[in-house]
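Student: Each residue of the sequence shown is one higher than the one before, starting from 250 at the first, in the numbering used here.
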Amino acid sequence: MNVTQALQNASSNGSQIAHSESLLFPLTVWMAIGLVVNGLGTLGNGILLTATLTYRPLRSASNWPLMAHNIALDLIMSLISNPGAIAVTFDAYRQPLTLTFCRLWAPIRFLTQSVCTWSHCALAVNRFLAIVSPKHYKRLVTRKAILAGIFFPWIIGGSVVLFPTTGLVSRFVPDSTWAVGCQLVSNNPGFETYRVLMNVYVPLIISGICYVLVMVNAKIALHVRVGQVTPLVDRNARNRYETSKVLLLCFVWYFSPNLAANIFYMKQSQRPPPFMVLIGKGLQCVISAVNPVRKSGCLHS
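1. Assuming contact is defined by CB atoms lying nearer than 8 Å, are asparagine 448 and valine 418 in contact in what I supplied?
2. For phenylalanine 421, which residues does DSSP report across the bridge?
3. Pull up the CB-CB distance for valine 535 and glycine 283, whole angstroms please, since I reckon it's below 8 Å.
4. Over what stretch of residues does the alpha helix (DSSP H) that includes proline 306 continue unbroken?
5. Mapping the DSSP letters down to three states, classify glutamine 533 as helix, strand or coil.
6. Please report how far the alpha carbon of lysine 393 lies from the alpha carbon of serine 368, in whole angstroms.
7. Would you decide whether tyrosine 450 is buried or exposed? Buried here means 16 or more other CB atoms lie within 10 Å of its CB.
8. Nearest to asparagine 552 by alpha carbon, out of Phe421, Lys468, Leu322?
9. For the alpha helix (DSSP H) containing glutamine 362, name the first residue and the last one.
10. Buried or exposed, going by whether 16 or more other CB atoms sit within 10 Å of the CB of arginine 343?
11. Short of 7 Å in beta carbon distance, which residues of its chain neighbour alanine 510, apart from the five on each side in sequence? Order them along the chain.
12. Considering threonine 342, what are the terminal residues of the alpha helix (DSSP H) in which it resides?
13. In its own chain, which residues sit with a C-beta less than 7 Å from the C-beta of lysine 494, not counting the 5 before and 5 after it?
14. By the three-class DSSP mapping on this structure, what secondary structure does threonine 291 have?
15. Below 8 Å CB to CB, which residues in the same chain sit around alanine 379 once its five sequence neighbours on both sides are set aside?
16. The alpha helix (DSSP H) that contains asparagine 312, what's its start and end?
17. Would you call valine 429 buried or exposed, if buried means 16 or more other Cβ atoms sit within 10 Å of its Cβ?
18. What residue ranges within the region 435-475 form continuous alpha helix (DSSP H) runs of no fewer than 4 residues, ordered along the chain?
19. Evaluate histidine 472 with the Cβ neighbour count: other Cβ atoms within 10 Å of its Cβ, from every protein chain shown; 16 or more gives buried, anything less gives exposed.
20. From leucine 276 to phenylalanine 339, what does the alpha carbon distance come to, in whole angstroms?
21. Let me know the secondary structure DSSP gives asparagine 279 once reduced to three states.
22. Rounding to the nearest angstrom, what Cα-Cα distance links proline 552 and leucine 272 in this structure?
23. Is tyrosine 342 near the ligand MG, going by C-beta to nearest heavy atom under 7 Å?
24. Quick check: the region 494-505 against the region 349-364, are at least 3 beta-carbon pairs closer than 8 Å?
25. In this structure, how does DSSP classify alanine 415 when only helix, strand and coil are distinguished?
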């Protein structure tokens, strides 16, 4: 859909009455569950961030700034971005969203999503280097590299929202499907391709490759060392393999809802019914809230 069509749809939507009350109760339950989960996630992320910043054994790790940055972004997602997206969806069902509202809210939502996804990618690359090349890890991961891993996600996220925020070749508009909320539309195929690739597919593909290779490397190391080294070394190898499986599972949990939601949002003509969109969006809106559970598990492993 181009910008002109999107603006016309938004204008027509603005004159429509609210939807029927048939989905009001299940949508209210959907919103309540999402807000409660994100409330608990905010508490968990806050505790985990405090521990990462103050607990010396965690701060002794060379990648602790990356981990703290990642947790801080999850805190922002569970405290602001995801509850906001849930509330906007509920409001869009009761009353059509306006262009002005989407121009104010959508940059926040799209920026936080993009930065958080790339932050997870930076952490995946860091873990890949630590597992695959532990002897050279400290030489490869310098202070400058850590800072780059923190600032690069913000640069990518900023490049994604800059043009629609300023109205260049793209716009943030209310989507014709109320369950989607605000959407980014563009007249420029190049920008649209860049946005989709850099916002979703590239960071998720890089993260997936890193975690698969980490697990393969840990599995090979486990087979080589079993019965040939001391029990302590053997146990460490087994722990690394178990941790690699947890990390891969965490990635799948993060990847699946984001991919599903992105597919639902892309093709408006082939978009599923609103309740299907809500399932994907609901899972997407609790990813960062559940991250404290899986991060604690990864740290414990």
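Glycine included, C-beta positions come from ideal geometry on N, C-alpha and C.
Values in this document were obtained by computation on a predicted structure and should not be read as measured data.
Tutor: Reading from the atomic positions:
1. no
2. Leu433
3. 6 Å
4. 305-308
5. helix
6. 16 Å
7. exposed
8. No answer is possible for residue 552: the residues shown for the chain start at 250 and end at 550.
9. 348-381
10. exposed
11. Gly529, Lys530, Gln533
12. The question names threonine, yet the displayed sequence has tyrosine at residue 342. Note, tyrosine 342: alpha helix (DSSP H), 331-343.
13. Met464
14. helix
15. Asn312, Tyr386, Val390
16. Unbroken run through asparagine 312: none, as it is neither H nor E.
17. buried
18. 438-445, 451-474
19. exposed
20. 7 Å
21. According to the sequence displayed, residue 279 carries tryptophan and not asparagine. Of the three classes helix, strand and coil, the one that applies to tryptophan 279 here is helix, per DSSP.
22. Past the edges of the chain, shown from 250 to 550, lies residue 552, and the structure says nothing about it.
23. Ligands are entirely absent from the displayed structure, and the ligand MG is therefore not among its contents.
24. no
25. What sits at residue 415 in the sequence shown is threonine, not alanine. Helix, per DSSP.
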